[in-house]
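For reference, the structure discussed in these notes is given below.
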Amino acid sequence: MATELHHLSDYDAQSVPDASNMCFGIVVAEWNPEITGALLDGAVKTLEKHGAIPENIHIKTVPGSFELVYGAQMMTKNDGFDAVIILGSVIRGETPHFDYICQGVTYGIARLNASQNIPVIYGLLTTDDLQQAKDRSGGKLGNKGDECAIDAIKMAKF
Numbered sequence: 001m002a003t004e005l006h007h008l009s010d011y012d013a014q015s016v017p018d019a020s021n022m023c024f025g026i027v028v029a030e031w032n033p034e035i036t037g038a039l040l041d042g043a044v045k046t047l048e049k050h051g052a053i054p055e056n057i058h059i060k061t062v063p064g065s066f067e068l069v070y071g072a073q074m075m076t077k078n079d080g081f082d083a084v085i086i087l088g089s090v091i092r093g094e095t096p097h098f099d100y101i102c103q104g105v106t107y108g109i110a111r112l113n114a115s116q117n118i119p120v121i122y123g124l125l126t127t128d129d130l131q132q133a134k135d136r137s138g139g140k141l142g143n144k145g146d147e148c149a150i151d152a153i154k155m156a157k158f
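Each residue of the sequence shown is one higher than the one before, counting from 1 in full-length UniProt numbering.
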């Protein structure tokens with residue numbers, strides 16, 4: 001569904017399981033810190049809103065979005081996590097770099113989900129410009145971090 005038709009922070013709170021006994025890993029890219037920091041803030045606040053205790057939310061940073069796959073893979077090897085969330089932001093530029101990074105991360109996370117026993121939630125914003133990224137990281141279209149946290153709770157309960 002197009003984001004313009006779905007506010008990223010809207011959800012039915014009654015449909016979200018209690019996360020008080022769950023442990024989450026979050027891997028966040030340092031690149032585009034204004035955006036990834038807002039995504040992280042949204043994810044953490046939403047996890048806590050649904051019962052996750054701060055001690056059970058483990059955050060690791062990686063330099064850029066391409067490294068999110070490695071970070072997520074390392075977290076899936078830790079038996080203590082119920083779900084792992086990746087958070088990053090890639091903004092289209094003038095070269096094909098955008099396409100390679102987005103495709104590589106998407107493939108890598110799909111591979112992890114097919115091969116691991118822990119769900120890895122895809123929170124990579126792939127936007128044409130900075131304003132689109134701002135709109136999806138706490139702006140007028142909500143926060144993708146909120147959506148990822150809800151997905152992580154639901155998939156951990158799956």
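Using N, Cα and C, we set each Cβ at its ideal position, and we do this for glycine too.
These numbers were taken from a predicted model, which means no experiment stands behind them.
- Around the C-beta of Ser15, fewer than 16 other C-beta atoms lie within 10 Å, and the residue is accordingly described as exposed.
- Short of 7 angstroms from the beta carbon of Thr126, and not among the five residues preceding or following it, lie these beta carbons of its own chain, in chain order: Val90 and Cys102.
- If you check the CB distance, Leu87 and Leu47 do not come in under 8 angstroms.
- Scanning its chain for C-beta atoms nearer than 7 angstroms, with the 5 sequence neighbours on each side dropped, one finds around Phe98 the residues Val90 and Arg92, in chain order.
- In the DSSP annotation of this structure, Thr126 is not part of any alpha helix (DSSP H); the continuous beta strand (DSSP E) holding it starts and ends at Val120 to Thr127.
- Of the residues assessed, Asn117 falls on the exposed side of the cut-off, its CB having fewer than 16 other CB atoms within 10 angstroms.
- If you check the CB distance, Ile109 and Val69 come in under 8 angstroms.
- Pairing Gly138 with Ser65, the inter-Cα distance amounts to about 19 angstroms.
- The residues Leu141, in chain order, have a CB closer than 6 angstroms to that of Asp135 in the same chain once the five nearest residues on each side in sequence are set aside.
- DSSP lists Asn143 as the beta-bridge partner residues of Ser137.
- With distances taken between CA atoms, Ile53 lies nearest to Ser20 out of Asp146, Lys144, Ser20 and Ala156.
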